[in-house]
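One gets my numbering by counting positions in the sequence shown from 1 and adding 4 to each.
Virtual Cβ for every residue (Gly too), placed ideally from N, Cα, C.
From a predicted model like this one, the values you see are computed outputs, not experimental measurements.
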Amino acid sequence: MKQLRIYSLAQASSPPKQNYVDMAGKLLDGVVKFDDFFYQRLARMVNEAPVLMRDLVMMGQLRSLGIEKFQSRDDEAASVFALQILPLGAVSVNVS
5 MKQLRIYSLA QASSPPKQNY VDMAGKLLDG VVKFDDFFYQ RLARMVNEAP
55 VLMRDLVMMG QLRSLGIEKF QSRDDEAASV FALQILPLGA VSVNVS
């Protein structure tokens, strides 16, 4: 797998560095932890992953939570703090 490289044809002249993660002998916990750090991990994932056309609706929904691509750490911390102090069920939407 280390020899497999995936990139767009436009990058063929100068391919990006391949990020390889060796998981041999390591335990992977695939259970999502909905703890105090959930939104921090989500914001980091949004910043690291490329945004595809199919992701635009979700990116809009995440923006309403204060999570945006290329957001600074200070802004991210403020958004996460606001989400942590908001009681569950405190936000409601009235459709009339």
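Excluding five sequence neighbours on each side, which residues of the same chain lie with their C-beta closer than 8 Å to the C-beta of L66? Within the sequence shown, the letter at position 62 stands for residue 66. So the qualifying residues of the chain are L46, V50, E72.
With DSSP as the reference, label S18 as helix, strand or coil. The residue labelled residue 18 in the question sits at position 14 within the sequence shown. In this structure, S18 counts as coil in the three-state DSSP scheme.
Along the alpha helix (DSSP H) that carries V35, what are the first and last residues, could you check? Mapped onto the sequence shown, residue 35 falls at position 31. Element bounds for V35: n/a, residue is neither H nor E.
Looking at the unbroken alpha helix (DSSP H) that takes in M63, where does it start and where does it end? Walking along the sequence shown from the start, residue 63 turns up at place 59. Where M63 is concerned, the enclosing alpha helix (DSSP H) stretches over 60-68.
Considering only their Cβ atoms, is the gap separating V55 from M63 smaller than 7 Å? On the sequence shown, position 59 is the one that residue 63 refers to. On the sequence shown, position 51 is the one that residue 55 refers to. Result yes, Cβ atoms of M63 and V55 sit closer than 7 Å.
Work out the CA separation of K6 and Q22 for me, nearest whole Å. Translated into the one-based positions of the sequence shown, residue 22 becomes position 18. Translated into the one-based positions of the sequence shown, residue 6 becomes position 2. Cα to Cα, the separation comes out at about 9 Å.
Exposed or buried, what is P20 when buried is set at 16 or more other beta-carbons lying within 10 Å of its beta-carbon? In the sequence shown, the residue the question calls residue 20 occupies position 16. Classification for P20: exposed.
Tell me whether L55 sits in a helix, a strand or coil according to DSSP, three-state version. Residue 55 sits at position 51 when you count from the first residue of the sequence shown. Per the sequence presented here, residue 55 reads as Val, with Leu not at that position. It is coil, neither helix nor strand.
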